[in-house]
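Asks: Numbers given in our numbering equal positions in the sequence shown, counted from 1, plus 251.
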Amino acid sequence: MNLKEKEEYVIDEFYNENEYSYKIKSNDEECDEIRKKLDLVHKKLSVLDKDFDDINIDIMAVIEKADEIKERKRLKKDLVKFVLTAVIILSFYTYAIVLAGSRTFIIFQILCTSFMPWLIIPITLRRRGEI
């Protein structure tokens, strides 16, 4: 009898589901080792046999809390991105006013406000998947 058959026999014997018509010698070392492993596993898993009815875990509350935390992190990142972008744009405007003068800056503002919607709307629609 090979090791696999011995394992199956010992497991069936352990759970009183023995279907074999033959018996293995009780002094077989491999079977004794398998029995010891099964006993060890049974002792470790017996902890799970205890009644855990008094433990009350609200899974939906945990999931909602995790979503809340994730949303808060996303909002913080978006805020940092917005502030950095605003600082960069304002710095660029200040630099442009110093170099080119206020007249050039006003012309640039008019051009930006005229052409920005033509750039932003298609980009936004593409991101949403509507185009």
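Ideal Cβ placement from N, Cα and C applies to all residues, glycine included. Being a predicted model, the structure only gives us computed values, none of them experimental.
Can you check whether the CB of residue 255 is closer than 8 Å to the CB of residue 281?
Replies: Within the sequence shown, residue 281 is the residue found at index 30, counting from 1. Within the sequence shown, residue 255 is the residue found at index 4, counting from 1. Contact flag unset, no.
Asks: In angstroms with no decimal places, state the Cα-to-Cα distance between residue 321 and residue 374.
Replies: For this step, residue 321 is matched to residue 70 along the sequence shown. For this step, residue 374 is matched to residue 123 along the sequence shown. One C-alpha to the other measures close to 26 Å.
Asks: Starting from residue 339 and walking both ways along the alpha helix (DSSP H), at which residues does that stretch end?
Replies: Residue mapping note: residue 339 aligns to position 88 of the sequence shown, counting from 1. 310–351 is the extent of the alpha helix (DSSP H) around residue 339.
Asks: Tell me which same chain residues have a C-beta within less than 8 Å of the C-beta of residue 357, skipping the five on either side of it?
Replies: Stepping through the sequence shown from its first residue, residue 357 is reached at position 106. Here the set comprises nothing.
Asks: May I ask which residues mark the beginning and end of the alpha helix (DSSP H) holding residue 260?
Replies: Reading the sequence shown from its first residue, position 9 is the one you call residue 260. Its alpha helix (DSSP H) spans residues 254–265.
Asks: For the alpha helix (DSSP H) that residue 281 lies in, which residues bound it at each end?
Replies: Here residue 281 is taken as the residue at index 30 of the sequence shown, counted from 1. It spans 280–296 - the alpha helix (DSSP H) in which residue 281 sits, taken as one unbroken run.
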